[in-house]
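In this note's numbering, the protein residues as written are 32 to 216.
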């Protein structure tokens, strides 16, 4: 099958919500190929502990590419302990300029419980507005839902779970099988 004929992998909604001294990253479990659900229980949110500093990452995009980036991020975090933003900027620089890495197709949401960042292959390291970051096929749905939910008294985990439930009701590439990681500073 020629590359342009391949239907492509779709799936993943990842959200990060910062509220009340904690950050929650939640991700769904669906991976689709074209119009077919290949797996409904994928784990796209991970906890890293380089040098004893907890970091939570969620990824959207190619799984193999994301794991390559997570390994690189972990090495950057070990080289710059406790400096999440610096490690992410160094990763983004490498991702943008390295011939091999520049072909990787994924996005990351990364947090240490204080800082919440989105890292992209375009070289972006973004701290989102409104204490919410969302990526993936249902990311905009989850983001919109979470923005509305932030006007309530719900804690970060409740906002993330409710936003993901709304996204899974709208986006056919998102399911309700969540992996949720919470981290505090």
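Glycine included, C-beta positions come from ideal geometry on N, C-alpha and C.
Grab me the residues of residue i's own chain with a C-beta within less than 8 Å of its C-beta, minus the 5 sequence neighbours each way, in chain order.
{"i": "residue 111", "result": "117, 118, 121"}
{"i": "residue 162", "result": "48, 49, 50, 147, 181"}
{"i": "residue 171", "result": "165"}
From the DSSP output, read off the bridge partner residues of residue i.
{"i": "residue 212", "result": "56"}
{"i": "residue 237", "result": "Residue 237 lies beyond the stretch modelled for the chain, which goes from 32 to 216, so this question has no answer here."}
{"i": "residue 76", "result": "89"}
{"i": "residue 48", "result": "55, 163"}
{"i": "residue 157", "result": "149"}
Looking only at its own chain, which residues have a Cβ that is under 6 Å from the Cβ of residue i, when we skip the five neighbours before and after it?
{"i": "residue 87", "result": "56, 78, 142, 212, 214"}
{"i": "residue 97", "result": "90, 137"}
{"i": "residue 144", "result": "54, 214, 215, 216"}
{"i": "residue 210", "result": "58, 74, 76"}
{"i": "residue 123", "result": "150, 154, 156"}
Give the straight-line distance between the Cα atoms of residue i and residue j, rounded to the nearest whole angstrom.
{"i": "residue 67", "j": "residue 61", "result": "10 Å"}
{"i": "residue 63", "j": "residue 92", "result": "11 Å"}
{"i": "residue 197", "j": "residue 173", "result": "7 Å"}
{"i": "residue 190", "j": "residue 177", "result": "6 Å"}
{"i": "residue 164", "j": "residue 179", "result": "14 Å"}
{"i": "residue 84", "j": "residue 101", "result": "15 Å"}
{"i": "residue 154", "j": "residue 95", "result": "19 Å"}
{"i": "residue 201", "j": "residue 44", "result": "11 Å"}
{"i": "residue 126", "j": "residue 152", "result": "6 Å"}
{"i": "residue 199", "j": "residue 131", "result": "33 Å"}
Using the beta-carbon count (16 or more within 10 Å), is residue i buried or exposed?
{"i": "residue 183", "result": "exposed"}
{"i": "residue 157", "result": "exposed"}
{"i": "residue 166", "result": "buried"}
{"i": "residue 133", "result": "exposed"}
{"i": "residue 128", "result": "exposed"}
{"i": "residue 204", "result": "buried"}
{"i": "residue 187", "result": "buried"}
{"i": "residue 69", "result": "exposed"}
{"i": "residue 169", "result": "buried"}
Below 7 Å CB to CB, which residues in the same chain sit around residue i once its five sequence neighbours on both sides are set aside?
{"i": "residue 71", "result": "60, 61, 206, 208"}
{"i": "residue 81", "result": "105, 108, 109"}
{"i": "residue 194", "result": "46, 173, 176, 177, 180"}
{"i": "residue 159", "result": "147, 149"}
Practice item. Entirely within the region 170-207 and at least 4 residues each: give me those alpha helix (DSSP H) ranges in chain order. Key: 170-180, 187-201
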